[in-house]
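What follows is a short report on a single structure.
Shown next, in the form of structure tokens:
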């Protein structure tokens, strides 16, 4: 008997999208040393952490230097001070949660992978494509069937539920990565009703909710009736507060989410107490500062900078008559490649001719072919320069 | 069709050991408000982080406040500066690793759970008991068969491999939690040879290696011949540098670890790039400081404090003629309960009569019944006081 590895890894596509992009950039840089590149590709933030968070992080580091205030093991599901701050934040928006329905995580991507553990090994997953590649890859690694539902331009990349979308687990992402499209209440309610009718569980990725303007569009799936019996919401401070490299996310699992008599919330408590020892005290303190009035004001100022970038990009695409969605309530713009060009062709052309890096739509699933993602996370100067370079071609 | 949850959660034992202990303590505190408790139970550290680490953490927080030095997404497998520092640390001990064989994690417990993903769903796991409860629970959650191998007092709680230990994945922990027993080179070589003969993979939990004195006992399984074809080493700064609440671990997967033609190292790269976005930049900077000469000197001073506690406990048990193992090269002492007392009985008696909290051996597996774990992680004053109270009864 020799230990059998998880052979499903062999079923994964050649390489993860962002690694493939990184490899092409590396090759270009080897050939063109010293050339400045305008990065409008991977969705990483460019602004530093806001003052309120920095002060809280320093204070927490000082706690870890003090015998009296030192923190050892943290509660596995999150520090009470942070779970309460997050629940209060939801409450301001009219969503009432128990503190112990909120879980602190190391980030949305970590959570989206780990969460599959709540479902039977045979569970199927529905993914609306184009999609964040990790949704599909995590299910491929687990050997689970993936139901691919294509989104199309004519429906604004926001498909309605129908029989072809039936699956045990339904991934929904709104505001969407990569398309920037956002479900309105009627559209999202249709998915909630569909999930309840089928007995499915929605994994709602709300990582970009902070980019939504106004009160018309739902920030949280729990603003919809019936969501408490069918949905898990996965959120992150990565884009809300610039935590991509600092790492913190949170997850809401309501008590009413029960399948086969088992509470998914209770199962997740057990999962966390078995498989983690909680998130760093220091980072949790920094995260709590995001939810203070000062932290909210400062993080919103940062988001306003990114939204100004998005506005500039939208204006340019409008002017050029290029079809796109997103940008208004999201940091992403999803544009149709000009002249029927392939998305990797556009990637290569922008990289080689004007040194601008975007993300080829094909990397988010085959129905993303012919489209291209631009992000608004750069500095304003870089965004303007990238734009004028794109205009050249 | 209604989504089927992972029903294996229903197979888990009533509740996780440390939660069960916490519940008993809570009940006691409700009845006896304000009473001081002497915690010699859960293995949490009491000393704050050392100066070198605190300085590095503050500097990293400042980086996150600076537009020029800000860090967004980190490499999923770890920052190069930290992977190199860890590889250099191994090199000092004569273990040569490639930097990309070292992975940075959020901690050993997180990694031990996630790592099961590398193996086929039908894989069996061998656990030497008494054992850290999460080994068994993570496998129960995954619905995998567990081969329980009892360790016994007559062999110093360090069993040799034999046919009854055959399994796909072999958990070994040395210095051991909870027994404090440490494999010598001959003993550990026997396990390496056994794993290679069977084609099994050893998950070597080295979280307590920093407590080993001298060069005779192996700190790393990679000090043994043949380990590179059969072992993964999982390590942590929790006990080495007081990171229980700060969170950082590391894992070594050698290139030669191949099963069915698949490199487990390459699979783990793919796992991390799919399921995580790396560990916090701030915490990785703090961790790197542990591996500087100053960080090494300071963390060793902290370990010396805990070892002084262990020495005092050992002397007292020697004097009382109580059988125990551990303490010399580990922060844990594993003692036989006096007068054939049950381990939860001893727990209750110590809590109620002298307000000392230990860990009942039964919580680490049925063959731990009749034994009791004491830890050396308290302050020296508390350890002395707890000891004099234990002496009373």
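Chains as they are written, first to last, in the numbering used here: chain A, 107 to 499; chain B, 107 to 499.
Every residue, glycine too, gets a C-beta built ideally from N, C-alpha and C.
Asked, Found
"Using the beta-carbon of each residue, which ones in chain B are nearer than 7 Å to residue 447(A)?", "Within 7 Å Cβ-Cβ: nothing; residue 447(A) doesn't reach chain B, min ~28 Å."
"Consider the Cβ of residue 112(B): report whether some Cβ of chain A lies at a distance smaller than 8 Å.", "yes"
"Can you name the residues of chain A whose CB is closer than 8 Å to the CB of residue 373(B)?", "111, 112, 115"
"So, does the CB of residue 385(B) fall closer than 8 Å to a CB anywhere in chain A?", "yes"
"When the distance is taken between beta carbons, is residue 443(A) closer than 8 Å to residue 470(A)?", "no"
"Please classify residue 380(B) as buried or exposed, where buried requires at least 16 other C-beta atoms within 10 Å of its C-beta.", "buried"
"I'd like to know whether the C-beta of residue 413(A) is nearer than 8 Å to at least one C-beta of chain B.", "no"
"Taking 8 Å as the threshold (C-beta atoms), are residue 170(A) and residue 437(B) in contact?", "no"
"Just checking my contact of residue 415(A) with residue 484(A) at CB under 8 Å: how many whole Å lie between their CB atoms?", "6 Å"
"Using a Cβ-Cβ cutoff of less than 8 Å, which residues in the same chain neighbour residue 419(B) once the five nearest sequence positions on both sides are dropped?", "433, 439, 480, 482, 489, 493"
"My output table needs one value for residue 447(A): the three-state DSSP class, helix, strand or coil.", "coil"
"Could you check where the alpha helix (DSSP H) with residue 486(B) kicks off and where it finishes?", "486-498"
"Counting pairs of beta carbons, one from the region 323-342 of chain A and one from the region 132-147 of chain A, are three or more of them closer than 8 Å?", "no"
"According to DSSP, is residue 472(A) helix, strand or coil?", "helix"
"Based on Cα-Cα distance, which residue from 308(A), 328(A), 131(A), 283(A) lies nearest to residue 317(A)?", "283(A)"
"Under 8 Å between C-beta atoms, does residue 285(A) make it to chain B?", "no"
"Per DSSP, which one or two residues make a beta bridge with residue 356(A)?", "210(A), 341(A)"
"Going along chain B, which residues have a C-beta under 7 Å from residue 358(A)?", "What residue 358(A) touches in chain B: nothing, since even the nearest Cβ is about 18 Å away."
"Once DSSP output is grouped into helix, strand and coil, what is the label at residue 186(A)?", "helix"
"Within the 8 Å Cβ cut-off, does residue 227(B) reach chain A?", "yes"
"In the DSSP assignment, the beta strand (DSSP E) including residue 321(A) goes from what residue to what residue?", "Segment: none, residue 321(A) is in no beta strand (DSSP E) and carries neither H nor E."
"Using a Cβ cut-off of 8 Å (strictly closer), state whether residue 291(A) contacts chain B.", "no"
"Could you please tell me which residues of the region 173-201 of chain A, in chain order, have their CB closer than 7 Å to any CB of chain B?", "173, 176, 177, 178, 179, 180"
"Return the chain-ordered list of same chain residues with a C-beta closer than 7 Å to the C-beta of residue 394(B), the five sequence neighbours on each side being excluded.", "162, 187, 188, 191"
"Mind checking the region 388-409 of chain A against chain B and listing, in chain order, the residues whose C-beta falls within less than 7 Å of any C-beta there?", "388, 389"
"Only counting the same chain, and skipping five residues up and downstream in sequence, which positions put a Cβ closer than 7 Å to that of residue 182(B)?", "378, 379, 382, 383, 384"
"Just the Cα atoms here: how many angstroms apart are residue 247(A) and residue 360(B)?", "21 Å"
"Can you tell me the Cα-Cα spacing of residue 289(B) and residue 257(B), whole angstroms?", "13 Å"
"Pick helix, strand or coil for residue 125(B), following the three-state DSSP scheme.", "helix"
"Going straight from the alpha carbon of residue 140(B) to that of residue 132(B), what length do you get?", "12 Å"
"Which of helix, strand or coil does DSSP assign to residue 399(A)?", "helix"
"Which chain A residues are close to residue 464(B), counting only those with a beta carbon under 9 Å from its beta carbon?", "Going along chain A, no residue has its Cβ under 9 Å from residue 464(B), so there is no contact; the nearest lies around 17 Å."
"So what does DSSP say about residue 164(B), is it helix, strand or coil?", "helix"
"Are any of the Cβ atoms in chain A nearer than 8 Å to that of residue 76(B)?", "Residue 76(B) lies beyond the range of chain B shown here (107 to 499); nothing can be said about it."
"Classify residue 497(B): buried if its beta carbon has 16 or more other beta carbons within 10 angstroms, exposed otherwise.", "exposed"
"On the criterion of 16 or more Cβ atoms from any shown chain inside 10 Å, does residue 117(B) qualify as buried, or is it exposed?", "exposed"
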